[in-house]
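The letter at position 64 of the sequence shown is residue 90 when you use my numbering, and the numbering goes up by one with no holes.
Beta carbons are placed, not taken as given, at the ideal position from N, Cα and C, and that holds for glycine.
Values in this document were obtained by computation on a predicted structure and should not be read as measured data.
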Amino acid sequence: MRYHERTKHHFNRFAPGPSGLDWANQPDPFRRYAGAPLTRLPILTADEGPLSPRYDSLYATGAVASAPVSVRALSRLLEYALALSAWK
27 MRYHERTKHH FNRFAPGPSG LDWANQPDPF RRYAGAPLTR LPILTADEGP
77 LSPRYDSLYA TGAVASAPVS VRALSRLLEY ALALSAWK
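Below is the structure:
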């Protein structure tokens with residue numbers, strides 16, 4: 027309970043934080059799993075397939091045709107779902 031009281035936010039101030047950022051110990055921005063093979067995915071441009079369906083077609087029955095899972099489709103899915111939004 028003492029730790030919680032010392033480190034909690036208050037209405038008029040934030041909780042005390044570290045004195046600075048530890049740049050030497052940043053987390054790896056990429057997901058890696060021990061023992062899993064590394065597969066390079068293509069970096070697709072905006073006009074390369076597979077393209078995403080229009081938003082309004084997502085809700086129309088049968089408007090979006092099924093497609094096989096491919097390395098390109100996986101690359102596009104992961105880009106949209108998990109991509110980094112900035113690069114230093």
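| Asked | Found |
| --- | --- |
| Local Cβ density within 10 Å of Arg66, reported as buried at 16 or more and exposed below that | exposed |
| Nearest-angstrom Cα separation, counted from Pro68 out to Val97 | 8 angstroms |
| Local Cβ density within 10 Å of Arg102, reported as buried at 16 or more and exposed below that | buried |
| For His30, three-class secondary structure by DSSP | helix |
| Extent of the continuous alpha helix (DSSP H) to which Arg66 belongs | That residue, Arg66, is in no alpha helix (DSSP H); it is neither H nor E in DSSP. |
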